[in-house]
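Residue numbers (the working numbering): 1 to 391. Ideal placement from N, C-alpha and C gives every residue a C-beta, glycine not left out. Notes follow the structure.
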């Protein structure tokens, strides 16, 4: 790992060019934080100089201890302090928050921070091993932030999920780690984008293994349904030609632009394919099957498509009841069937009665099982059942 600390034997070029912040009045170390430019932004935060205590640093951080315990008198600058420069990449605000906590200046530590700031704090804590010094503060920040996010984990962006995975790993928040790794396995279309955070490679691989597993199972359901609909011995419908209509509807849906990652059938590692994307892709095939279930004509334009319902961040193909959104075919109170008119008001077009239950429709209905596969994605555990750290 690249050394993130450098003791300067000559006066820093930033010494008289950046703001000075006093963390400890009797400081014997001047920490120089270079200007910071986030990877997701073009704006740059100005650098900062912090007056800090070597005693607090060596008690709280092994990397700082290793660097300072072998300092030489020749390295002391004209201001009586050792000047240490961080490598670029650390946010001055996050560094200040951490060092105030390390020096016991609780009144200077914010009671709440936003997710971006917390991720930057976790990065500095992780790099210099300030875990114990920040534990209490991190618990408070995470509790407040997660309270506002936990009810809508499925609505978090992929970047926010990645930040939560890293934060929960660094500060050992097992339940948050499990929930966010599960969710990102459902929505990711390949190995996760770390957005510049040093997430351990083992975590990335295990998340992608769960993604590949559910994507593989989902694709198997889809493509086995296609093969069965092609097989006249298993799905032929002589009465209403259901196999022809359903096969055509399914293949057209999968062949549309944007679904090239799932049609034709891909092989592992299913790059570009996500479980959420698959569910969204096949949601369009629900229209024909809904019409069959309602007893509507294949050519009936009044049976519109149903809107997908989101569950756990994945577009859900759960069917609405016959009386919700499609319009009643037979009123609940009527003992007699009421005919629905077809295109242009005609009623003589072929229709499929609600009791028709051919092999083709059973094959097509198997697509509903893709939704249930989501229950098999568990996310990652931080610890084993015996309490050992897994990552």
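- Boundaries of the alpha helix (DSSP H) harbouring residue 213: 201-230, taken from the DSSP string.
- Looking from the CA of residue 369, the closest CA among 254, 86, 25 and 224 belongs to 224.
- In the DSSP assignment, residue 95 falls within the unbroken alpha helix (DSSP H) covering 92-102.
- Here the alpha carbons of residue 37 and residue 173 stand approximately 28 Å from one another.
- Counting only residues of its own chain and dropping the five nearest sequence neighbours on each side, residue 27 has a CB closer than 7 Å to the CB of 51, 52, 53 and 81.
- Cβ-Cβ distances below 8 Å link residue 162 to 184, 192, 193, 194, 195, 197 and 199 in the same chain, with the five nearest sequence neighbours on each side left out; the list follows chain order.
- Following the DSSP letters along the chain, one finds residue 83 inside the beta strand (DSSP E) bounded by residues 82-86.
- Contact between residue 94 and residue 120 is confirmed by a C-beta separation of about 4 Å, below the 8 Å threshold.
- Residue ranges of uninterrupted alpha helix (DSSP H) with 4 or more members, entirely inside the stretch 101-130 and ordered along the chain, are 115-128.
- Three or more Cβ pairs closer than 8 Å define a contact, and the stretch 216-234 meets that threshold against the stretch 247-254.
- Put simply, of 221, 238, 241 and 245 the residue whose alpha carbon is nearest the alpha carbon of residue 265 is 221.
- In its chain, beyond the 5 residues on either side, 49 have a beta carbon closer than 6 Å to the beta carbon of residue 20.
- Distance from residue 181 to residue 380 at the Cβ level is roughly 4 Å; contact confirmed, criterion being Cβ atoms closer than 8 Å.
- The straight-line gap separating the alpha-carbon atoms of residue 42 and residue 89 is approximately 14 Å.
- Counting along the chain, residue 158 sits inside the alpha helix (DSSP H) bounded by residues 158-170.
- Residue environment: residue 70 is assigned as exposed (fewer than 16 neighbouring CB atoms within 10 Å of its CB, all protein chains considered).
- Residue pairing by DSSP places residue 57 opposite no residue, since no beta bridge is assigned to it.
- Spatial neighbours of residue 263 in its own chain (CB-CB distance under 7 Å, excluding positions within 5 residues in sequence) are listed in chain order as 254 and 255.
- In the displayed model, residue 388 falls within coil according to three-state DSSP, outside both helix and strand.
- Within the same chain, Cβ atoms closer than 7 Å to the Cβ of residue 22 are found at 51, the five residues on either side in sequence being excluded.
- The alpha-carbon separation between residue 63 and residue 377 amounts to approximately 38 Å.
- Per the DSSP secondary-structure output, residue 21 pairs in a beta bridge with 50.
- If you look at residue 363, you'll find it in the alpha helix (DSSP H) that goes 359-365.
- In this structure, residue 367 lies away from residue 214, with their beta-carbon atoms at least 7 Å apart.
- Annotated as proximal: residue 4 and residue 87, with beta-carbon spacing under 7 Å.
- Put simply, the backbone Cα of residue 101 is about 10 Å away from that of residue 110.
- In this chain, the beta strand (DSSP E) harbouring residue 33 covers 29-33.
- The beta carbon of residue 204 lies closer than 8 Å to those of 191, 192 and 194 in the same chain, with the five residues before and after it left out.
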